[in-house]
Amino acid sequence: MSAPQHIFILGATGYVGGALLAPLLATYPTTTITALVRKPEAGQAVKALAPSKITIVQGSHSDFDLIEAESTKADLVINAADADDLPLIKAVIRGLAKREKKGILLETSGSALIVGQNISGSLSAQSSKVWDDTNTTEIRAIPETAPHRIVDLEVFNAHNAGILTGAVICPGLIYGVGTGPVNKKSIQIPKLVEVALRRRAVSHIGEGTNIWINIHLYDLIQLYLVVLKHTLLQHEKGVKTDAYDNFYFANSSEAPIQAITELIAPVLFKKGLVDSPHVQGVTAEEEQELAMILGHTSRGVSKRAGRIGWSAKEEGLDKAIEKDIEIILESFHK
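Its first residue numbered 6, the sequence shown is counted upward by one per residue in our numbering.
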C-alpha cells in the first residue's frame, strides 16, 4: 500500500485536521476521504475543498456504531480530534479490527502528556526535564494518569497486538494561521489573547519561566506526511515494529511562556486592546483555566522525526505572531 485508498478522518473541521485535508489529497491524488462532521454547514465547507474526493458523514464523537463502520471501510484512520476521548478511539480500533487487511491509525496526542503537576508558571529542577522520543524506556514510563495517555496506550496496545499499524504524533504549542475550511486558530495563543482582552493586560502564570515546545502548523502538517509515508512503507513491507518506536514529538523550538506573552503584548497594545505593552504575572488561582493550559512546563525533542527525514522549515513564533493575532481577533467577533 504505497498510498492509502480511503481515509477516514476525525477532526476535519479542526485546526490541525482541517489543515491536513488539502496536503493529503495533493500527496495522494487517487485517495478518497470520509470526514465525520457534526454540523451540516461545516460539512459543506469541508466537502467544498474537493467535492469528488471528500464524503461527509454527519455525526458526533459519541456515534460509536457509525465511527466503527467508517473505520472498517478505511485503510487509514486519522484522529485529529479529541486526544482524551477513550470511547471514541476504542470505536475506531474496533472498526479497524474488523478489516480483512490490517489498517493504519495515526493518532494525534499532545505534549500536555509530559507536563507534570506544577502549574505555578515556574521552571523547577523537577519540571525542567527534556523528554526524548527515541528513549522508549522513558516514553513507556509516562504514567497512565497523564493527559492523553489512556488514548495513546489504547493505540500502542492495538499496534502491539497486531490489530493495526499505529503511530502517535505529539505536538506542543502550535502556531500559524490555519488553512483548513473551518477553524483557523489553535488553543494556547488564543487563550493568552482572550485573557489579555478580559484583563486589559497580557498575562502569564507566575514568573512565566515555564517552557513549552512549539511548532508551526505547516511544519506539523509536513511531519504528518513524512510519518505517513514512513508508516505506509513499513506497513507494505510487513516490517514489525514496537508501538513505542512509532511515537513522535512534534516541535521545532521552545520558549518560556513569558517570552511568548512579550511577543503578544506590543501587538495588542498598538491596537488599543490592553493598557500596557508590558506583561504581568498572575496566580494560578486568579486564572485557573490559563494555569491548566499554560502553567506547566512541556519540553521534548523530535529526534525520531529527524531520523525519517523531517525538519522544520517555517518561520518562528516571533515572525508569525501578528498574523496569528489578527485571525484570533477576527474569530472572537464571529
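Glycine included, each C-beta is placed from N, C-alpha and C at the ideal position.
Helix, strand or coil for V135, going by three-state DSSP, please let me know.
-> As a working note, residue 135 is residue 130 in the sequence shown. Correct three-state label for V135: coil.
Does the separation of the CB atoms of G286 and G211 fall below 8 Å?
-> Translated into the one-based positions of the sequence shown, residue 286 becomes position 281. Translated into the one-based positions of the sequence shown, residue 211 becomes position 206. Cβ atoms of G286 and G211: closer than 8 Å.
Leaving out five residues on either side along the sequence, give the residues of the same chain with a beta carbon under 6 Å from the beta carbon of R43.
-> Here residue 43 corresponds to residue number 38 of the sequence shown, with the count starting at 1. Taken in chain order, the residues that qualify are S65.
So is N162 buried or exposed if we call it buried at 16+ other beta carbons inside 10 Å?
-> As a first step, residue 162 is located in the sequence shown; it is residue number 157 there, counting from the start. That one is exposed.
Would you decide whether T302 is buried or exposed? Buried here means 16 or more other CB atoms lie within 10 Å of its CB.
-> The residue you call residue 302 lines up with position 297 of the sequence shown. Per the 10 Å Cβ criterion, buried.
K190 to L93 span [Cα, whole Å] = Working through the sequence shown from its first residue, we reach residue 190 at position 185. Working through the sequence shown from its first residue, we reach residue 93 at position 88. If I take the Cα positions, the gap works out to 24 Å.
Taking the alpha carbon of A172 as the point to measure from, which residue in I192, Q49, T236, S307 has its own alpha carbon closest?
-> Walking along the sequence shown from the start, residue 172 turns up at place 167. Of all alpha-carbon atoms in I192, Q49, T236, S307, the one lying nearest the alpha-carbon of A172 is that of T236.
Output yes or no for whether 8 Å exceeds the beta carbon distance between V279 and V207.
-> Along the sequence shown, read from residue 1 onward, the residue named residue 279 stands at position 274. Along the sequence shown, read from residue 1 onward, the residue named residue 207 stands at position 202. The criterion of a C-beta distance shorter than 8 Å is satisfied by V279 and V207.
Measure the Cβ-Cβ separation of I216 and R304 and say whether it is below 8 Å.
-> Position 211 of the sequence shown, counting from 1, holds the residue named residue 216. Position 299 of the sequence shown, counting from 1, holds the residue named residue 304. Between I216 and R304, the C-beta spacing is below 8 Å.
DSSP state of T141, grouped into three classes?
-> Counting from one through the sequence shown, the residue named residue 141 turns up at place 136. Residue state, collapsed to three classes: helix.
What are the complete beta strand (DSSP E) segments, minimum 3 residues, inside the region 164-234?
-> With a minimum length of 3 residues, the continuous beta strand (DSSP E) runs that stay inside the region 164-234 are 169-176, 178-180, 208-210, 216-221.
Is it right to say L148 is buried, meaning 16 or more other beta carbons lie within 10 angstroms of its own, or is it exposed?
-> Along the sequence shown, one-based indexing puts residue 148 at 143. Note that residue 148 corresponds to Pro in the displayed sequence, not to Leu. Per the 10 Å Cβ criterion, exposed.
From which residue to which residue does the alpha helix (DSSP H) around S258 run?
-> Within the sequence shown, the letter at position 253 stands for residue 258. Annotation for S258: no alpha helix (DSSP H) segment contains it, though the beta strand (DSSP E) segment containing it runs 258-261.
Contact check, L222 vs A24, beta carbons under 8 Å | Taking the first residue of the sequence shown as position 1, residue 222 is located at position 217. Taking the first residue of the sequence shown as position 1, residue 24 is located at position 19. One thing to note: L222 has its Cβ within 8 Å of the Cβ of A24.
Could you give the DSSP three-state label for G286: helix, strand or coil?
-> As a position in the sequence shown, residue 286 is number 281, starting the count at 1. The three-state reading of DSSP puts G286 in strand, counting E and B together.
Among S127, C175, D80, G311, which has the Cα closest to the Cα of I262?
-> Translated into the one-based positions of the sequence shown, residue 262 becomes position 257. Per the C-alpha coordinates, the member of S127, C175, D80, G311 positioned closest to I262 is S127.
Exposure label - G185; buried when at least 16 CB within 10 Å | Stepping through the sequence shown from its first residue, residue 185 is reached at position 180. Buried, by the Cβ-count rule.
What is the residue span of the beta strand (DSSP E) that I14 lies within?
-> Looking up residue 14 in the sequence shown gives position 9. Residues 11-15.
Can you tell me the Cα-Cα spacing of Q10 and G167, whole angstroms?
-> Sequence index remark: in the sequence shown, residue 10 carries index 5 (1-based). Sequence index remark: in the sequence shown, residue 167 carries index 162 (1-based). Roughly 21 Å between the two C-alpha positions.
Of the residues A310, T288, V306, which one's Cα is nearest the Cα of G300?
-> Translated into the one-based positions of the sequence shown, residue 300 becomes position 295. The option with the nearest alpha carbon to G300 is T288.
Which residues in the same chain as F69 place their Cβ atom closer than 7 Å to its Cβ, once the five residues preceding and following it in sequence are excluded?
-> Along the sequence shown, read from residue 1 onward, the residue named residue 69 stands at position 64. These residues qualify, in order along the chain: P92, A96.
Every unbroken beta strand (DSSP E) inside the region 13-58 [3 residues or more] | When DSSP assignments are scanned along the region 13-58, the uninterrupted stretches of beta strand (DSSP E) that are 3 or more residues long and fall wholly within it turn out to be 37-42.
Reference E327, options I194, P176, K134, R312, closest by Cα | Looking up residue 327 in the sequence shown gives position 322. Comparing C-alpha distances from E327 to each of I194, P176, K134, R312 shows the shortest one belongs to I194.
How is N123 classed by DSSP in three states: helix, strand or coil?
-> Along the sequence shown, one-based indexing puts residue 123 at 118. Three-state DSSP puts N123 in coil, outside helix and strand.
How long is the line joining the alpha carbons of M297 and A17, rounded to whole angstroms?
-> For this step, residue 297 is matched to residue 292 along the sequence shown. For this step, residue 17 is matched to residue 12 along the sequence shown. Note on geometry: alpha-carbon atoms of M297 and A17 lie some 26 Å from one another.
Where V306 falls: helix, strand or coil (DSSP) | Your numbering for residue 306 matches position 301 in the sequence shown. Note: V306 maps to strand in three-state DSSP.
Would you be able to state if there are at least three C-beta pairs under 8 Å between the region 308-320 and the region 128-136?
-> Three or more beta-carbon pairs separated by less than 8 Å are not found between the region 128-136 and the region 308-320, which leaves the two stretches without contact.
Based on Cα-Cα distance, which residue from F13, A260, H209, T139 lies nearest to I218?
-> Residue mapping note: residue 218 aligns to position 213 of the sequence shown, counting from 1. Minimum Cα-Cα distance from I218 among the listed residues F13, A260, H209, T139 corresponds to A260.
Separation of S116 from C175, as counted between CA atoms = Stepping through the sequence shown from its first residue, residue 175 is reached at position 170. Stepping through the sequence shown from its first residue, residue 116 is reached at position 111. Answer to the nearest angstrom: the Cα atoms are 6 Å apart.
Do the CB positions of A102 and G19 come within less than 8 Å of each other?
-> Position 97 of the sequence shown, counting from 1, holds the residue named residue 102. Position 14 of the sequence shown, counting from 1, holds the residue named residue 19. The answer is no: Cβ separation not under 8 Å.
For K52 and T37, believed in contact at Cβ under 8 Å, the rounded distance = Counting from one through the sequence shown, the residue named residue 37 turns up at place 32. Counting from one through the sequence shown, the residue named residue 52 turns up at place 47. Not quite, the Cβ-Cβ distance comes to about 12 Å (not below 8 Å), so this is no contact.
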